[in-house]
Amino acid sequence: MGCYYRRLFYSLAVFTLITLVVLSGLTRGLDEYAYEHFRAYNNLVDLITETASIVFLGVAWLILVAVSFFRSRRLGKLTFKLGLLLVVSAVLDAALKLVFRIPRPGGGAVPEGLLQELEFYSYPSGHSTRAVAISLLLGGEYGYPWNILLYTWATAVCLTRVLLGVHWLSDVVGGAAAGFIVYYATEILDTPVRRLLKLIHLDFIL
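Residue numbering for the sequence shown follows our numbering, beginning at 747 and increasing consecutively.
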């Protein structure tokens, strides 16, 4: 467990450094160049990017829950950890977007409503965060060659956010760094959350 705390600290340090560079405006030229020169709209790009959307992953997780309960009447360790990861990533993504308030490419006026506001802001990329975090979790669980496929998928998701023009390049880099934070935070929180569920007599689902 100690190694997870240390790696979380390093991940936080890297994300903080990236964020300071982004907020200083040093990435603006590169962001604008990537936005103008690296664009691609097609069904494959759309499909890849959607595999990391919170809706797609939420539905996929619910299917895993149903299968787990059908087979063993319990969530299962990995299914539980995936659910925890999605919660951690959603909370962190929302908090960071509201703190930094960096508009997406072609932003415009800030919309009314919390959900619309979260959709308006771009840093860090939530898709990139989730893809990296999930690839780290499942890659560590299943090992080679699945980890290579998962890391390739995460990289592809990150690239599609730029190709679709919905994120700056710096959003994706920050999102990837945030993915490490989410993964290590999930590993650290896994045991305490399980203990909490036992205290409130919900451990039967585990």
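Glycine included, every Cβ here is placed at the ideal spot set by N, Cα and C.
In this structure, how does DSSP classify residue i when only helix, strand and coil are distinguished?
| i | result |
| --- | --- |
| residue 851 | coil |
| residue 787 | coil |
| residue 955 | Past the edges of the chain, shown from 747 to 952, lies residue 955, and the structure says nothing about it. |
| residue 941 | helix |
| residue 872 | helix |
| residue 890 | coil |
| residue 798 | coil |
| residue 912 | coil |
| residue 881 | helix |
| residue 921 | helix |
Please say whether residue j and residue i have beta carbons closer to each other than 8 Å?
| i | j | result |
| --- | --- | --- |
| residue 838 | residue 934 | no |
| residue 800 | residue 759 | no |
| residue 849 | residue 867 | yes |
| residue 911 | residue 877 | no |
| residue 916 | residue 773 | yes |
| residue 905 | residue 821 | no |
| residue 890 | residue 753 | no |
Quick check: the Cα distance between residue i and residue j, rounded to an integer number of angstroms?
| i | j | result |
| --- | --- | --- |
| residue 861 | residue 833 | 16 Å |
| residue 922 | residue 880 | 11 Å |
| residue 791 | residue 897 | 17 Å |
| residue 809 | residue 775 | 43 Å |
| residue 842 | residue 869 | 7 Å |
| residue 874 | residue 823 | 24 Å |
| residue 865 | residue 918 | 15 Å |
| residue 807 | residue 828 | 7 Å |
| residue 762 | residue 817 | 43 Å |
| residue 784 | residue 748 | 41 Å |
| residue 913 | residue 893 | 26 Å |
Run through the DSSP bridge pairs and tell me what residue i is partnered with.
| i | result |
| --- | --- |
| residue 867 | 849 |
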